[in-house]
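Participant: First the structure, which I've put down as structure tokens, then a few questions once you've had a look.
Protein chains: 6
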Amino acid sequence: MTFAVTVRDHLMIAHSLRGEVFGPAQRLHGATFVVDAAFRADALDEHGIVVDIGRATDVLREIVGALSYRNLDDEPDLRGVNTTTERLCQIIADRLVTAVRDGRLGDARLSGIAVTLHESHIAWASYEVAM
Amino acid sequence: MTFAVTVRDHLMIAHSLRGEVFGPAQRLHGATFVVDAAFRADALDEHGIVVDIGRATDVLREIVGALSYRNLDDEPDLRGVNTTTERLCQIIADRLVTAVRDGRLGDARLSGIAVTLHESHIAWASYEVAM
Amino acid sequence: MTFAVTVRDHLMIAHSLRGEVFGPAQRLHGATFVVDAAFRADALDEHGIVVDIGRATDVLREIVGALSYRNLDDEPDLRGVNTTTERLCQIIADRLVTAVRDGRLGDARLSGIAVTLHESHIAWASYEVAM
Amino acid sequence: MTFAVTVRDHLMIAHSLRGEVFGPAQRLHGATFVVDAAFRADALDEHGIVVDIGRATDVLREIVGALSYRNLDDEPDLRGVNTTTERLCQIIADRLVTAVRDGRLGDARLSGIAVTLHESHIAWASYEVAM
Amino acid sequence: MTFAVTVRDHLMIAHSLRGEVFGPAQRLHGATFVVDAAFRADALDEHGIVVDIGRATDVLREIVGALSYRNLDDEPDLRGVNTTTERLCQIIADRLVTAVRDGRLGDARLSGIAVTLHESHIAWASYEVAM
Amino acid sequence: MTFAVTVRDHLMIAHSLRGEVFGPAQRLHGATFVVDAAFRADALDEHGIVVDIGRATDVLREIVGALSYRNLDDEPDLRGVNTTTERLCQIIADRLVTAVRDGRLGDARLSGIAVTLHESHIAWASYEVAM
């Protein structure tokens, strides 16, 4: 028995990928990532919610905003990271986990977080972590 | 190894939410909930299906119809319930479970039911229960 | 030859509709309206845009926000108005036209505005006005 | 902790279904199936990916292409098979598993594959298999 | 200044197309067509609507139902017709026009009807006719 | 009375925009543009189509491919162009018009072409040109 609440935001970035496997995506290009952040819990709190959706939206906005309108190849935080869609899911999910642990979502008792990044209408990636 | 079949319907309701955490949603407002009901099974039956999709659609329609075009604050069945998106997922899923147990979907051998309610293009909730 | 830029937002409201034609929607119920506001122009300005998308988003947010999380039956501005999806398209479009005329979008030279309200995954309405 | 990468393609087929449960779908009719193939892994490889998305797309294209623009009732491979949406999910997933085992996706270390077929805007099925 | 109301339904059919231009679609295959029927008017009626959405939905359902779960190659009504997506848009729109003229939508004063058929996530066609 | 056929593709690019109006989008960033190219005609040809959808898809693919996986700031063809979403719609539409005039779509008698670029789930632009 599991509940989840998901909120959607997006970011628009430039980057390049290292490795022959990426073909033309080795060149500097870019992407819009539509981001779905799912917060999971085994039970609802006394208000009947998994998480305060307003707070969840704000925290996601802050994390996504810190990556937005940038060339990820130049971000100090991402030095040496191949910023694939999969990896970005993990990076955003990990930052959400930290925000939860820092009490940014109050005392929500989450069982996990899952982040999906849609890179186009025909491809997306996701990452899911237990808490 | 799991199969699932999902059908979509929707409901349009008025309600208000109790608790400061809900901010302006404490006022009487409303929502369209696009409802996805997923029926899960570990194996297909002799026809090669999880569930008769026609029956599943009818049962979902009936359950959704009983909540539609109403002010949920006035529904006797929901007295004292904070009708958050998460909670409504659970209520609809529980009614689907009852319908399955009552034989409304024939002898479908389901392993679980999951209900997702989309409240907008940027927020949705879900609830999943094993059977 | 026409250009258009569209931005999306949403509102969640309660209301009832007057007239037997509306059947169960005569009862107090509600809706999420996903709102698409399209700004049209015959030519782009010196920056290569129809309208400053940031300003357009802010103006739409303000207009939509003034209707959000409310029971439209109780809104003084809407007294005597049957708040059908079609009519709400017109109301939002008219307020956008006023905002443009008030210079809220700078000196954008628009040829028209179109507003679409999606009330569910299977029904939507729109209204289009020349400027 | 799980990663997934999903790619989308589609196929357009004719078929009929055997069994009274299918009602009018016992007649020869057809469907567009929008196919989502998800590749899952517990960790990313040295390039930061689950799978080479170009290869995954090609393999899915090949499997879907072998079923496309056909009457499934006449396909030798599907003799005696009730080609329900659920069953077609399994058939496509099984062919993807074979392709992975044949090294078609390089040395991707997958934990599972899930295939979803959308038969309309209101119904879809999925099948998930561990590897 | 134009209003429109759109309702969505779908049909699932088998067919083949005649002409080398169609390549593999010359073989018997099939499609799900998600159908959007838009009703246009220059003004709203006394209830504030373009058309009774319940009636519009019923009329569309009836027209779509008469084509559903069939092999269009065998339909007497469509003998000699190449049932391309474009042509099916026109056929459905023409039947809607007839229904309107027969008073099936009451005294709605429509200025036009537009029908869109989505054959997949990457291709659709439409047809628009003035009334 | 107008017919249209639309096909969808996408491109992923890096770019920056010049002008204070663009705020953070003045920095090098990027976008996925989901591209819808609509081909319009007043009548269908002898096969019952607006345009050979296979050819239309190929021509769009070629035009989109020439822009894909690039930093548009460095493209010789786009020197001095502010590559806003609106402007890119026009550039792609103009290239489609040239392809049609060069006979790339056979003798299709088109009345117009419209191109829409979706830059995210909440913003898109379009450009429409008569032929």
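Protein chains in written order, with the working numbering: chain A, 212 to 342; chain B, 212 to 342; chain C, 212 to 342; chain D, 212 to 342; chain E, 212 to 342; chain F, 212 to 342.
Ideal placement from N, C-alpha and C gives every residue a C-beta, glycine not left out.
Using the beta-carbon count (16 or more within 10 Å), is E/M212 buried or exposed?
Facilitator: Exposed, because fewer than 16 other Cβ atoms sit within 10 Å of the Cβ of E/M212.
Participant: Is F/A334 helix, strand or coil when you go by DSSP?
Facilitator: In the structure shown, F/A334 sits in a strand (DSSP, three-state: E or B).
Participant: Among E/D220, E/H226 and E/R219, whose alpha-carbon lies nearest the alpha-carbon of E/G291?
Facilitator: Answer by Cα proximity: E/H226.
Participant: Counting only beta-carbon atoms, is C/T243 nearer than 7 Å to chain B?
Facilitator: Yes, its Cβ sits closer than 7 Å to a Cβ of chain B.
Participant: Grouping DSSP H, G and I as helix and E and B as strand, with all else coil, what is D/A174?
Facilitator: With chain D covering only 212 through 342, there is no way to say anything about residue 174 of chain D.
Participant: If we ignore side chains and look at the alpha-carbon of each, how far apart do A/T359 and A/F214 end up?
Facilitator: Chain A is shown from 212 up to 342; residue 359 of chain A falls before or after that span and cannot be answered.
Participant: Quick one: which chain H residues come within Cβ less than 8 Å of D/I302?
Facilitator: Absent here is chain H; the protein component of the structure consists of chains A, B, C, D, E and F.
Participant: Check whether the stretch 228 to 240 of chain E and the stretch 324 to 341 of chain D are in contact - that is, three or more C-beta pairs closer than 8 Å.
Facilitator: The stretch 228 to 240 of chain E is not in contact with the stretch 324 to 341 of chain D.
Participant: In terms of residue numbering, what span does the alpha helix (DSSP H) encompassing C/R312 cover?
Facilitator: Where C/R312 is concerned, the enclosing alpha helix (DSSP H) stretches over T296 to R312.
Participant: Chain A beta carbons: is any one of them nearer than 7 Å to that of B/N282?
Facilitator: Output row for B/N282: interface = no.
Participant: To the nearest angstrom, how far is it from the Cα of A/R238 to the Cα of F/R281?
Facilitator: If you take the alpha carbons of A/R238 and F/R281, they lie about 6 Å apart.
Participant: Determine, using beta carbons only, whether E/I274 comes closer than 7 Å to chain D.
Facilitator: No, E/I274 lies away from the interface with chain D (no Cβ there is under 7 Å from its Cβ).
Participant: In three-state DSSP terms, what is D/A267?
Facilitator: If DSSP states are grouped into helix, strand and coil, D/A267 belongs with the helices.
Participant: By a C-beta neighbour count over all protein chains shown, 10 Å radius and 16 as the cutoff for buried, is F/R312 buried or exposed?
Facilitator: Result: exposed.
Participant: Whole-angstrom Cβ separation of E/H258 and D/H221, contact assumed at under 8 Å?
Facilitator: Actually they are not in contact, since the Cβ atoms of E/H258 and D/H221 sit about 41 Å apart, beyond 8 Å.
Participant: Starting from the beta carbon of E/I333, find every residue of chain F whose beta carbon is closer than 7 Å, and list them in chain order.
Facilitator: Result: V218 and R219.
Participant: What residues in its chain sit with their C-beta under 8 Å from that of F/L316, if we drop five residues either side in the sequence?
Facilitator: Around F/L316: F250, V262, D263, R266, A267, V270 and A310.
Participant: Is the shortest distance between the beta-carbon of B/A267 and the beta-carbons of chain C less than 7 Å?
Facilitator: Not closer than 7 Å to any Cβ of chain C, the Cβ of B/A267 fails to qualify, so no.
Participant: If you count every other CB in all the chains shown that lies within 10 Å of the CB of C/R306, and 16 or more means buried, which is it?
Facilitator: Buried, since its Cβ has 16 or more Cβ neighbours within 10 Å.
Participant: Does B/V261 come out as helix, strand or coil in the three-state DSSP assignment?
Facilitator: Reduced to three states, the DSSP call for B/V261 is coil.
Participant: Output the distance between the C-alpha atoms of D/R219 and F/A334, rounded to the nearest integer angstrom.
Facilitator: Between D/R219 and F/A334, the C-alpha separation is close to 22 Å.
Participant: Tell me the DSSP bridge mates of E/A339?
Facilitator: Before going on, a small fix: residue 339 of chain E reads as Glu here, not Ala. Partner(s): E/A325 and F/T213.
Participant: State yes or no: is the C-beta of D/L255 within less than 7 Å of the C-beta of A/E286?
Facilitator: Cβ atoms of D/L255 and A/E286: not closer than 7 Å.
Participant: In three-state terms, what does DSSP make of E/V275?
Facilitator: Looking at E/V275 - three-state DSSP - the assignment turns out to be helix.
Participant: When the Cα of D/R320 is compared with those of D/A341, D/A248 and D/G230, which residue comes out closest?
Facilitator: Comparing Cα-Cα distances from D/R320 to each of D/A341, D/A248 and D/G230, the minimum goes to D/A341.
Participant: Report yes or no: is there a C-beta of chain C within less than 7 Å of the C-beta of F/G230?
Facilitator: At least one chain C Cβ lies under 7 Å of F/G230.
Participant: Taking CB distances under 7 Å as the criterion, tell me whether D/E297 reaches chain B.
Facilitator: Yes - at least one Cβ of chain B is within 7 Å of the one on D/E297.
Participant: Can you tell me the Cα-Cα spacing of E/G361 and E/G276, whole angstroms?
Facilitator: The structure shown has nothing for residue 361 of chain E, since chain E only spans 212 to 342.
Participant: Please compile the residues from chain A whose C-beta is within a distance smaller than 9 Å of the C-beta of B/E339.
Facilitator: Those are M212, T213, F214 and A215, listed as they occur along chain A.
Participant: Applying the 10 Å Cβ sphere with the 16-neighbour rule, what's the burial state of A/D318?
Facilitator: Looking at its Cβ environment, which holds fewer than 16 other Cβ atoms inside 10 Å, A/D318 is exposed.
Participant: Closest to A/S337 by CA distance: which of A/L228, A/L278 and A/F244 is it?
Facilitator: Per the Cα distances, A/F244.
Participant: How would you call C/D288, buried or exposed, if buried means at least 16 neighbouring beta carbons within 10 angstroms?
Facilitator: The residue in question, C/D288, is exposed, as its Cβ has fewer than 16 Cβ neighbours within 10 Å.
Participant: Would you mind telling me which residues of chain B sit closer than 7 Å to C/L239, beta carbon to beta carbon, in chain order?
Facilitator: Within chain B, the residues near C/L239 are A225 and N282.
Participant: Smallest Cα separation from C/A248: which of C/A304, C/N293 and C/D284?
Facilitator: When only C-alpha atoms are compared, the closest one is C/A304.
Participant: Helix, strand or coil, according to DSSP, for D/D288 in the structure here?
Facilitator: Helix.
Participant: Return the CA-CA distance between D/D253 and A/Q301, expressed in angstroms with no decimal places.
Facilitator: So the two alpha carbons sit approximately 12 Å from each other.
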